[in-house]
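What follows is a single structure, written as C-alpha cells, with notes after it.
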Amino acid sequence: DPVTELSDLGVPKEITVYAVEYSTALEIGDGAAFFRIPAELAGTNLTDCGAALGSAKSTGGAAVSVALTRLRAATAGAAARTAVDMLGDSLTITNDQWDSKDGTPHTITTADVAEGDIIRVDVDQIGTGSQGLFVSLTFE
46 DPVTELSDLG VPKEITVYAV EYSTALEIGD GAAFFRIPAE LAGTNLTDCG AALGSAKSTG
106 GAAVSVALTR LRAATAGAAA RTAVDMLGDS LTITNDQWDS KDGTPHTITT ADVAEGDIIR
166 VDVDQIGTGS QGLFVSLTFE
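In this note's numbering, the protein residues as written are 46 to 185.
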C-alpha cells in the first residue's frame with residue numbers, strides 16, 4: 046500500500062481545504078469549513094499550515110485559526126465533541142498580501158490527530174475586501 050509506505054517513511058501529507066469560494070467575501074465566525082481525518086492520517090501530527098485568500102484585502106489583516114474536534118466519552122448518555130485550537134496564534138494575512146507565508150509566524154500547540162477527528166477552519170478577523178479562503182495543513 047503506497048500510503049502506508051509513505052507514512053512509514055515520514056513523508057508529509059498535505060490537505061488543502063477550499064473553505065470559502067474564490068469571489069465570496071469572508072465572514073467572521075467558526076466553521077468556514079470542516080473535514081474529517083481519514084484512517085491514512087491517523088497517528089500523524091500537524092507539522093505545518095498556511096492560508097491564502099482569493100483576493101488581497103485593501104485594509105486591515107485577516108486571521109484564520111484551525112481547531113480539532115474529537116468525540117469525547119459519553120456523559121449523561123450523550124457523547125460530545127470538544128474543540129481545541131491547534132495553533133497558539135492565528136494564521137495572519139497582512140494588509141495587501143494574499144498568503145499567510147508573509148504574515149506573523151504561527152505555533153502549533155495541538156498536533157496529534159486520530160481517525161474520525163474533525164478539523165474546523167475558523168475566520169477570526171477579516172480585512173476590507175477579503176475574499177475566498179484556502180487552508181493547507183501538512184501532517185507527518
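By construction, the Cβ of each residue, glycine as well, lies at the ideal position given by its N, Cα and C atoms.
Fully contained in the region 104–151 is no alpha helix (DSSP H) run of length 4 or more.
Residue state for LEU91 is assigned as strand, using DSSP reduced to three classes. Exposure of LEU116 is indicated by the presence of fewer than 16 other C-beta atoms within 10 angstroms of its C-beta. CA-to-CA, the gap between LEU98 and THR89 works out to about 27 Å. It is roughly 7 Å from the alpha-carbon of SER110 to the alpha-carbon of ASP134.
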